[in-house]
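Going by the numbering used here, the sequence shown opens with residue 1222, and the numbers climb by one from there.
Every residue, glycine too, gets a C-beta built ideally from N, C-alpha and C.
The structure appears right after this line, and notes come after that.
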Amino acid sequence: MSRLPIFLLLAIVVTSLASAQPPDTLWTRSWDYFTGVEVITSVRPTNDGGLIVSGYGCDDDFHCYAWIMRTDASGEEIWSRMDFGGISEASDYIEQTSDGGFIECGETWSYSPYDDWDAYVRKLDADGEQVWARLLGADGWLDYALCVRELPDQTIVACGFLAIEDPGAFYTVRMDADGEVIWDHTIDRINSQRAQELWITPDNSIVVCGYSQDPNWYHYYLVKYDIDGNVLWEMTVPGGDGTTSICQTRDGGYVFGGVYSDLNIGEAFAFHIVNTHPDVT
1222 MSRLPIFLLL
1232 AIVVTSLASA
1242 QPPDTLWTRS
1252 WDYFTGVEVI
1262 TSVRPTNDGG
1272 LIVSGYGCDD
1282 DFHCYAWIMR
1292 TDASGEEIWS
1302 RMDFGGISEA
1312 SDYIEQTSDG
1322 GFIECGETWS
1332 YSPYDDWDAY
1342 VRKLDADGEQ
1352 VWARLLGADG
1362 WLDYALCVRE
1372 LPDQTIVACG
1382 FLAIEDPGAF
1392 YTVRMDADGE
1402 VIWDHTIDRI
1412 NSQRAQELWI
1422 TPDNSIVVCG
1432 YSQDPNWYHY
1442 YLVKYDIDGN
1452 VLWEMTVPGG
1462 DGTTSICQTR
1472 DGGYVFGGVY
1482 SDLNIGEAFA
1492 FHIVNTHPDV
1502 T
C-alpha cells in the first residue's frame, strides 16, 4: 500500500473581541508517527491551559494503534502513548477528570474475548499511565464507545453502540470512579440505533444524541436519562442521518449538529443544526 499523505494536524486560533474579523492562527502542529492513515478524533483543553488529544494511526498492513498525547499551551508534546495489542485499536474520545487524570474511550480488537471489535473505557493518570480499563462488548461484529464524560460526583458515563444482535443497539453506561458498572441501558429496536455523544446537564441528567433508523431512512435521535438511568424523555427528529454533537442552550433547550443528506441530489452531505426544546417529543 502506498503511503497516504494524511498527517495529524492541529491548529489553534484566537478571535479578536474588537472586530468581526476571522480568527488569527496562534500555532499549528503536525505529528507523523505512522506509515499509513493518521486521524485525530478528539481534542479537549486541560486545566493547565494545554490540550489532550486522542486518535489513531494505522501502518501499511492496516494494523491500527490507539494514540493519546498531552501538550502544553504552545502545542509542545508533554507525553504521548501508543497502544497496540497485536491486531487493532482506536481511541475515539478523551477529556480530563477532576483528579487531574483522564478518561478515554474507543474500541479494541486485540483484547476482545470474541475476536471482533469491543468497546472500552479507560482511566489514565496525569502522566498517561493506565489506572484501569473496562471492556464493553458483546459477541457481535462491532461494539464501540464514542464519548465519555465525568459527572460531578466523579462517576463516569459513556455512550456508543453495541452489536448485541443485528442491527445493533444505542448504548449508555454509567460507572463508578473505579470502572465498575452502576447501570447500563440499551435501546434495541427492530432497526439500528447509534449513540454518538452525550451532554451532562446542570441538574446532572444525561442527554445522549445519535441516530435511529426506520425501514427507509435515518433520523436524529435524542434520549435524556436521570442519574439513575431512567429515561426521562426521548425524541426523534426526522430527516437527518444522525447527530454527531450536542450541547445545552441557556434557555434549557438543546442544539445539535449532524449529517443531513438529500436523496434528490445524490451523495450530498451537509452539517445540519436543529435547536429544540427538551419538552418536544
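Contact set for N1425: own chain, Cβ-Cβ below 7 Å, skip 5 residues either direction: Within the sequence shown, the letter at position 204 stands for residue 1425. Taken in chain order, the residues that qualify are L1372, P1373, I1448.
| Residue of P1423, D1313, I1308 minimising C-alpha distance to M1290 | As a working mapping, residue 1290 is identified with position 69 in the sequence shown. Checking every option, the nearest Cα to that of M1290 belongs to D1313.
- Message: Distance check for G1327 and Q1434, CA to CA, integer angstroms please.
- Response: As a first step, residue 1434 is located in the sequence shown; it is residue number 213 there, counting from the start. As a first step, residue 1327 is located in the sequence shown; it is residue number 106 there, counting from the start. Each residue's Cα considered, the two are about 23 Å apart.
- [ ] Rounded to whole angstroms, what's the CA-CA distance from T1262 to S1275? Just pull it up for me.
- [x] Sequence index remark: in the sequence shown, residue 1262 carries index 41 (1-based). Sequence index remark: in the sequence shown, residue 1275 carries index 54 (1-based). Distance between the alpha carbons of T1262 and S1275 is about 6 Å.
(message) Which residue wins for smallest C-alpha separation from E1418, given the options S1331, R1370, G1322?
(response) Residue 1418 sits at position 197 when you count from the first residue of the sequence shown. With distances taken between Cα atoms, E1418 lies closest to R1370.
| request: With a threshold of 16 other CB atoms inside 10 Å of the CB of D1399, please say whether the residue is buried or exposed. | output: Residue numbering aside, residue 1399 sits at position 178 when the sequence shown is read from its first letter. By the neighbour-count rule (16 or more Cβ atoms within 10 Å), D1399 is not buried but exposed.
Item to complete: Give the range of the beta strand (DSSP E) segment to which W1330 is assigned.
Response: Position 109 of the sequence shown, counted from the start, is the residue given in the question as residue 1330. From DSSP, W1330 is part of no beta strand (DSSP E); its letter is neither H nor E.
Please check the pair F1391 and I1408, which I expect to be a contact at CB under 8 Å, by giving their CB distance rounded to whole angstroms.
Here residue 1391 corresponds to residue number 170 of the sequence shown, with the count starting at 1. Here residue 1408 corresponds to residue number 187 of the sequence shown, with the count starting at 1. Rounded, the Cβ-Cβ distance is 4 Å, consistent with contact.
*asked:* Let me confirm a value: W1248 is counted as buried when at least 16 other C-beta atoms fall within 10 Å, else exposed. Which label applies?
replied: What you label residue 1248 is simply residue 27 of the sequence shown in a count that begins at 1. Exposed, since its Cβ has fewer than 16 Cβ neighbours within 10 Å.
Next on the checklist: So the candidates are S1295, S1301, D1337; which of them puts its Cα closest to the Cα of G1307?
Outcome noted: Taking the first residue of the sequence shown as 1, we reach residue 1307 at position 86. Selected option, being the one with the closest Cα: D1337.
Check your understanding: Mapping DSSP to helix, strand and coil, what is L1372?
Key -> Translated into positions along the sequence shown, residue 1372 becomes position 151. In the structure shown, L1372 sits in coil (DSSP, three-state: anything other than H, G, I, E or B).
Checklist entry - Where in the stretch 1251 to 1317 do unbroken runs of the beta strand (DSSP E), each at least 3 residues long, occur, reported from the N-terminal end onward? => result 1259 to 1266, 1272 to 1279, 1285 to 1292, 1298 to 1304, 1310 to 1317
Going by the DSSP bridge assignment, what does T1422 pair with across the sheet? One-based indexing of the sequence shown puts residue 1422 at position 201. Paired residues: none, contrary to the question.
From C1468 to V1476, what does the alpha carbon distance come to, in whole angstroms?
Position 247 of the sequence shown, counted from the start, is the residue given in the question as residue 1468. Position 255 of the sequence shown, counted from the start, is the residue given in the question as residue 1476. Taking the straight line joining both Cα atoms gives about 6 Å.
Q. Can you give the Cα-Cα distance for T1318 and V1352, rounded to whole angstroms?
A. Numbered from its first residue, the sequence shown carries residue 1318 at position 97. Numbered from its first residue, the sequence shown carries residue 1352 at position 131. Near 13 Å, if we compare the C-alpha coordinates of V1352 and T1318.
Problem set entry | Cutoff 7 Å; reference S1309; Cβ partners in own chain excluding five residues on either side | For the purposes of this step, residue 1309 is identified with residue 88 of the sequence shown, where counting begins at 1. H1284, C1285, W1330, S1331.
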